[in-house]
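Positions 1 to 574 (UniProt numbering) are the ones given, in order, by the sequence shown.
We put the beta carbon where it would ideally sit given N, CA and C, even for glycine.
This report concerns only the one structure given below.
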Amino acid sequence: MSELIKGIAASDGVAIAKAYMLVEPDLSYSHTTTEDPAGEVQKFNDALNNAKVELTKIRNNAEEQLGPDKAAIFDAHLLVLDDPELINPIESMIKDDSASAPHALTEVTQNFITIFESMDNEYMKERAADIRDVSKRVLAHILGVELPNPSIVDESVIIVAHDLTPSDTAQLNKQYVQGFVTNIGGRTSHSAIMSRSLEIPAVVGTKAVTKSVQNGDMIIVDGLTGDVIINPSQDEVRAYQQKRDMFFEDREALKQLRDEATTTIDGKHVELAANIGTPNDLEGVKNNGAEGIGLYRTEFLYMGRDNMPSEDEQFEAYKKVLEEMDGKRVVVRTLDIGGDKELPYLNLPEEMNPFLGYRAIRLCLDQPDIFRPQLRALLRASVYGKLNIMFPMVATVQEFRDAKALLLEEKENLKSEGVEVSDDIELGIMVEIPSTAALADVFAKEVDFFSIGTNDLIQYTMAADRMSERVSYLYQPYNPSILRLVKQVIDASHAEGKWTGMCGEMAGDETAIPLLLGLGLDEFSMSATSILKARRQIKGLSTTEMTQLADRAMNCATVDEVVTLVKDATSKTL
């Protein structure tokens, strides 16, 4: 019998494949002495060798897919496996104390980890993390337990996990990973956003899918409805294969719109841009006819590694995007770390509520040694295309002024060094804090543009954590209060001759698009895979009618009233 689990549809499409469980395995063991020390030493050495083979494969795969900087992490792990200062004490403990291989490994490595972690030295603390990862891998081999690693998957699978971190998701091999499903998360969680960039179906927020699925189970993930079917019948497989074929047919039909302008029935043009995380996303941007990049999330340059990216590394990444966009606008968001995006090597303080804490522009202004290299890299790259820079999580006008001052200071430094810098860079801010939206008329006098980050603006306005399923009903993009804030920001920018874009997930939402068009939004930035659907929708809408619709929606009392209003007004085109 098949089993149906409901979740949140996070990325369009249908996937049918075996489940690959990306969950922490049980590595517990009974502490007993051994009567065969030689056999335990052999067991330990076999596990070491198996771990080396596995890590070498992972390292080579990382170099091929992600570059030598990511592969260097696994070089460090391989060095640990060859370190006699670690290996000899483990073998001695087995021989001299008749300790079991798992116990000797755990005792010795934990001693090293404790020593390294207590040192006031970042390099040594990083070595503690290497030893922890490596010892877990060796222990798994001793116990005969397989550690999950999607980067070495070589057959079609659907990833099943409690959650996926941004770096986990960024490393999924699209050739084999057909989709994923998680226990937690929502449409705006970073794993969901990345799944749309990778163009793979995803369902999140199922609450307990990991308890219902076993490794190797056949499952169906319907990213259009949020349904997950475990061990489907042949009839169900056939039905979903047909649905998948229809999805692909519609996607092919949409490609006819790739090179067309995004213009309404009554001649209003708006810009459809793409959100990206790395230069690798550019293929999808071009294939889906984006008119620019509305959000380049630079934090992905900093993730999945054990040290900060250099100024030159960042410069090359920004330069590549600007060059390949061939004069189209590229809006780069400066480092937005904190909240649910952590960098282990930064040792950020633990916070009760990291979303409201030390993150984004707050961290960058407080640690200019992190911020300045990024600003210099951006300025150096600015001559290779049309660069816009925006600062995230700005709450006060002074924060914008301080960030701008640092940028201008680095611009003068580069010029004095003889480095060419563009004089045509627009500076803007993310509007994601209600206080910023309320003061938009003041900000508009100082910035060149606004980009509304609705993922955070909604959760802050509604006082509801967007990662919590229990209050997910309060994530309401169409709530009249949100619409009024958006309108206030757009009107403030237009009054000063500036423009407003939106880079939150609301920009690609088919219910929100008519409203945003009516509110006067200039640029819609979304996952590249949403662009052609949005273009088809906008080409069937009238700006005049949508303006009247938005005015009525802002005077509704509830989100349900707004949704009904949109459905009634757009039933001919949706």
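Within the UniProt domain "PEP-utilising enzyme mobile" (154–226), the alpha helix (DSSP H) runs of at least 4 residues that lie entirely inside it are, in chain order, 166–170, 190–198 and 209–212. Runs of the beta strand (DSSP E) lying entirely within the stretch 41–107 and spanning at least 3 residues: none are present. Within the model, the alpha-carbon separation for M308 versus F450 is close to 29 Å. Rounded to the nearest whole angstrom, the C-alpha separation of P279 and T334 is 15 Å. In this structure, Y345 lies near D306, with their beta-carbon atoms less than 7 Å apart.
Counting other Cβ atoms within 10 Å of its Cβ, I115 stays below 16 and is therefore classed as exposed. Going by DSSP, K445 is part of no alpha helix (DSSP H) at all; its letter is neither H nor E. Contact check for T264 against L516 fails: the beta carbons are separated by 7 Å or more.
Shown here, M554 sits in a helix according to DSSP, grouped into three states.
Residue environment for Q314: buried (at least 16 other C-beta atoms within 10 angstroms of its C-beta). Within its own chain, the residues whose Cβ lies closer than 7 Å to the Cβ of E496, once the five positions on either side in sequence are excluded, are A444 and K445, listed in chain order.
When C-alpha distances from T33 are compared across A15, S100, L4 and V41, the shortest belongs to S100.
Burial check for M119: the Cβ neighbour count within 10 Å stays below 16, so the residue is exposed. Looking from the CA of A129, the closest CA among E351, I94 and V80 belongs to V80. Distance from the CA of N413 to the CA of L375, rounded to the nearest whole angstrom, comes to 11 Å.
Following the DSSP letters along the chain, one finds G284 inside the alpha helix (DSSP H) bounded by residues L282 to N287. Across the structure, L363 and L407 are spaced so that their CA atoms are roughly 16 Å apart. Within a 10 Å sphere around the beta-carbon of M352 sit fewer than 16 other beta-carbons, which makes this residue exposed. The beta carbons of I16 and Y240 sit closer together than 7 Å. C503 places its beta carbon 7 Å or farther from that of N287. Comparing alpha carbon positions, the residue from K43, V330 and Y176 closest to A104 is K43. For T500, no alpha helix (DSSP H) segment is defined; the enclosing uninterrupted segment is the beta strand (DSSP E) at W499 to M502. E252 carries a helical assignment under DSSP once its states are collapsed to helix, strand and coil.
In the three-state DSSP reduction, S525 falls in the strand class (E or B).
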